[in-house]
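Please read the structure below before turning to the comments.
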Amino acid sequence: MMQIEEKLYLNRYLVDNESHLKIRDPKICLKECPDKPCTYTCPAQVYSWEDDRIRVAYEGCVECGTCRYSCPLDNIEWNYPRGGYGVMWKFG
Ligand code: SF4
Ligand code: SF4
């Protein structure tokens, strides 16, 4: 069976140099969120916990919206990528 990484590889992205996903307050991730659900609910593994902070690999986001709801502290500011940028399903 095809792994998610292989499927995601089939997507094409036009990467913006500005992230459309922002962590509102990194201190909240560090101090108030022991489970860090964003690191395991995102299907594209955009969020990872490294060196005591959340890294956001926004380039791989498939714009599914899951992280908006999985962050228990509403600490992710979520926007669609700017017009023309982001994932392009049709070329997959
Ligand atoms: Fe931070 Fe929200 Fe992720 Fe928790 S789920 S680590 S608060 S972004
Ligand atoms: Fe991951 Fe979906 Fe959030 Fe993008 S919108 S970061 S793919 S959970």
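Numbers 1157 to 1248, taken from my numbering, label the letters of the sequence shown in order.
Think of the CB as a built atom: it goes at the ideal place given N, C-alpha and C, for glycine as much as any other residue.
Here Leu1177 really is in contact with Trp1234; their C-beta atoms are around 6 Å apart, less than 8 Å. For Val1218, the CB falls within less than 6 Å of some heavy atom of ligand 2.
In this structure Asn1167 is in contact with Val1243, their Cβ atoms being roughly 5 Å apart against a cut-off of 8 Å.
The beta carbons of Ile1210 and Cys1185 sit closer together than 7 Å. Distances from the alpha-carbon of Thr1222 to those of Gly1239, Tyr1196, Ala1213 put Tyr1196 closest.
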